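Here the sequence shown is numbered in my numbering, starting from 318 and rising by one per residue. Where is the CB? At the ideal position from N, CA and C, for every residue including glycine. Predicted, not measured: the structure shown is a model, and the values here were computed from it. Note sheet for the following structure.
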Amino acid sequence: MDKVIASEISPGGIDEEMINFLETNSAKLSIENSILYYGFPVYKDYDGEIVKTKFLILSDRHGIILLQTSIADDIEKDNEHLNQSFSFIETSLKRSKLLRVNRRELAVNIDGYTFNSKVDVDNIPEELDGEVLSSYKDVEEVFYSNMTEDSLDQAIMHEARSIIEGSKALSSISKREKITDSSQNKLNILIGLESEVTNFDIEQRKIAINLINGPQRIRGLAGSGKTVVLAMKAAHIHLQYPDRKILFTFYTKSLYELIKESITRFYRHYSGEEPNWENVDILHAWGGKSIDGVYYNACVENTIQVMSFNAAKGLYPRDPFRAVCENLQHHTVESKYDHILIDEAQDLPNEFFHLCYKLAYGSEGKEKNIVWAYDDLQSIFNVYQRTPMQLFGNDGDGKALINLEEFQEDLAYGQINDLVLYKCYRNPLEVLITAHALGFGIYSERPVQMLENESHWKDVGYDLAPDQVFEIGSRVEITRDRSNSPLSIYKYQEPRDIIAYYKADNLEHECQWICSNILESISSGLKPQDILVICLDDRNAKSYFSNLSVMLIENGIRSNNLLTSTASAPAFKINDMVTLSTVHRAKGNEAAEVYAAGIDAIYYERNNRSGRNKLFTAFTRTKAWLKISGINQEAEFFFKEIDMSVANSPSLIFDVPDAKEIETIQRDLQERSVGSRNIDIMVQELIDMGVPESEIKENLGNIKKGR
């Protein structure tokens, strides 16, 4: 029996007693395959009052059974509370065509009972007779009498779960209709994929619904649903505690609309109305004069001088945001938020977490309601995860301000503050395997980066082959289970249909290949907004997108070029437009079909983390198809790695390197490349000013020759 604990349980009380009874007797009651919800779902009635369900058991042998624990003095009030929960749940289920047998009857049976072991059975109000249980023997009888001979169909169970848990709120975002009955048609494959991922797995649901007092960490691969889980969590907090002030912050500006829409949909699913945006702030981590942000607002509200971008860049050229946040550490910042949710934590500096710590109410770390989520293996700046002490710092005595292991001891029954999402719902298996292979450089001359041990690989969904040992110098085979990725695409597509590549002679030919494939995909039923082109070649991105835009418009297809957008927070997707983006702007977003163009540019970064991380981030944007292109032999270099990855899938096979040796090499490369990075910046600025590239190259050649 799976448990979803959404509210704190008083130790030693009647609720903990009921959970223990149901767990202990799960086989006897035939609820081993059920889901037990505590303190969930939560609804808002017409008077604005919060109605929280006490116990809900969703079982394939019983349907839905509601239990409202009660004390004798409040039995009538608690029974009315139960009736409200019953009414809300029944109404929600009846909105589903799949769950309606007819106007009045549901495919899922619902029953509700009030439980009070101390009630005087002779004095139960007449209208409550039969609805009040006074012993655990009565509870047993309820499950026996409601048990069906046949189990509910799994499709019915999935639909009921998605409605109860709120994931159904997302299912209407993209409505698609078939244009052919062919199972090979891209549109039909995409419809199947989107249907498959509508329901989160149980671990995602637990994380989204579970609310604890204190800090909480969520980690997992890109595409494991962390942004949506956080949005769901924000909606539930706002629903249960409407007067509390909530902050949802993130790194990628283009995520704003997705986050707001997700919070709205989840909140509306349970309340029937819009969130109160006066108490929910969705803010970019930085912000500025034209857009609110956590740093900018903190400065304004605490009368602190805002540091300009140029000043920050002068202090930390590679990470100017670190400079502005570090500057705030020397100032007093007043607490403002009851709950802070931080997405894309892997891309935010430690100093930003110090700021969030100040902004959160609570006199000490375990009282700070801060939830942060980060992608394992996806930081553009650093592959290695940081500990809570590194993120939030320590007190004057060197003690960590936030210690998850220590705080776990004080949490209530069933609550966890460090959670891992193993499933990746965004990427087909071969795409994810290939993204890891190229992201680490596993099939290159030597690995560029590597996870430290077998446990870390297990955290991201891989298992070591039996009888193998993960130690330096040993050859290992680690395998990813197909059940941790979308499965329906493999019924109709071979790996080579999912991942394709093309070597061009020049940029124009490469753009022609991309354009031709886009037109073919649109003719197969994909919409322009289902398609994303990511340019891996930062220096030539403008040329790529200029050529592509012209080619597409000549064929009646418009494009959303994020490089030329003047909006402070441009929409990443626009209806009937193909999205053109750099790697940085694509982070946190996804598309059905992704083109990773200009891979040859990464050849010159093939031995350092920044280049490899760009590949990983670009590849993992796709929900279905990945097409990779580049020019000449530099592109061919990576195509060979892709071939090896696909051949070995679903495994990665490599000799375990010495992580310390890799770290030393990377540090040396980083130090040696500072000058090169500065030259790259100057070259790009000259190109932007209109200086011909031939003239730039000639002058750089003269500098090297000492003229």
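DSSP three-state label for G329, please.
coil
Please report the straight-line C-alpha distance between Y740 and N801, rounded to a whole angstrom.
In the sequence under discussion, the amino acid at residue 740 is Lys, which differs from the Tyr named in the question. The C-alpha of K740 lies about 4 angstroms from the C-alpha of N801.
Boundaries (first-last residue) of the alpha helix (DSSP H) holding Y912:
No alpha helix (DSSP H) holds Y912; the beta strand (DSSP E) holding it covers A908 to A914.
Do you know how far the Cα of I919 is from the Cα of N527?
42 angstroms
By the three-class DSSP mapping on this structure, what secondary structure does Y819 have?
strand
Excluding the 5 residues preceding and the 5 following Y809 in the sequence, name in chain order all residues of the same chain whose CB lies nearer than 7 angstroms to its CB.
S500, Q501 and I506
If you follow the alpha helix (DSSP H) that D960 is in, where does it begin and where does it stop?
N949 to N965
Restricting to runs no shorter than 4 residues, where is the alpha helix (DSSP H) found entirely within the stretch 457-488?
DSSP runs (the alpha helix (DSSP H)) wholly in the stretch 457-488: 471-482.
Using only alpha-carbon positions, find the residue among R923, A914 and R938 that is nearest to G905.
R938
Whole-angstrom distance between D798 and L749, CA atom to CA atom
12 angstroms
Same chain, Cβ closer than 6 angstroms to F583, five either side skipped, listed in chain order
For F583, where only same-chain residues beyond five positions count, the Cβ hits under 6 angstroms are G483, A486, M549 and A552.
Range covered by the beta strand (DSSP E) that runs through H671
Note, H671: premise wrong, no beta strand (DSSP E); alpha helix (DSSP H) at N667 to L676.
Since I believe A941 is in contact with I806 (beta carbons under 8 angstroms), could you give me their beta-carbon distance rounded to a whole number of angstroms?
6 angstroms
Y654 beta carbon less than 8 angstroms from that of I759:
no
Any 3 or more C-beta pairs closer than 8 angstroms across the stretch 929-938 and the stretch 600-609:
no
To the nearest angstrom, how far is it from the Cα of S661 to the Cα of E769?
Inspection of the sequence shows that residue 661 is occupied by Glu rather than by Ser. One C-alpha to the other measures close to 22 angstroms.
Just the Cα atoms here: how many angstroms apart are R522 and H398?
Taking the straight line joining both Cα atoms gives about 24 angstroms.
Let's see if you can read the secondary structure: which residues bound the beta strand (DSSP E) around L375?
F372 to S376
Return helix, strand or coil for V777, following the three-state DSSP convention.
coil
Roughly how many angstroms separate the alpha carbons of D332 and T341, rounded to a whole number?
Spanning the two alpha carbons is a distance of roughly 14 angstroms.
With a CB to CB cut of under 6 angstroms and the five nearest residues on each side skipped, what residues in its chain are close to D692?
A539 and Q663
Distance between P532 and L353 (C-alpha atoms, nearest Å):
The straight-line gap from Cα to Cα measures roughly 24 angstroms.
Would you call the stretch 970-980 in contact with the stretch 819-832, where contact means no fewer than 3 C-beta pairs closer than 8 angstroms?
no
Going by C-alpha to C-alpha distance, which of Y742, H671, K890 and P559 sits closest to V1041?
Because the chain spans 318 through 1024 in this model, residue 1041 falls outside it and cannot be assessed.
CA-to-CA distance, S625 to R994, given in whole angstroms
In this predicted model, R994 has a pLDDT of only 45, less than 50, meaning its place in the structure is not dependable; the value taken from the coordinates is given anyway. C-alpha separation (whole angstroms): 22 angstroms.
Closest by C-alpha distance to P328, when choosing among F862, Y730 and P592:
Y730
Per-residue DSSP class, three states only, for W689
Three-state DSSP puts W689 in a strand.
Taking 6 angstroms as the limit between beta carbons, can you name the residues of its chain near F709, skipping five residues before and five after?
F670, Y674, L718 and I719
Throw me the rounded Cβ distance for the Y1025 and I789 pair, which I believe falls under 8 angstroms.
Absent from the structure is residue 1025, since the part of the chain shown begins at 318 and ends at 1024.
Paired residues, beta bridge with Y430 - DSSP
L384
Could you give the C-beta distance for F724 and R929, rounded to a whole number, given that I count them as a contact under 8 angstroms?
Taking a contact as a CB-CB distance under 8 angstroms, the pair F724 and R929 does not count as one, their CB atoms being some 35 angstroms apart.
Run the CB neighbour count on Q385, radius 10 Å, all protein chains shown included, and call it buried at 16 or more, exposed below.
Buried is the call here.
Ignore the nearest five residues each way along the sequence and tell me which others in L658's own chain have a CB closer than 6 angstroms to its CB.
L547, A551, F565 and V688
Endpoints, the alpha helix (DSSP H) within which E643 is located:
P637 to L645
Note the first and the last residue of the continuous alpha helix (DSSP H) segment covering I750.
Taken as a continuous stretch (DSSP letters only), the alpha helix (DSSP H) holding I750 covers L746 to F757.
Report the partner residues of L736 according to the DSSP bridge assignment.
Partner(s): I535.
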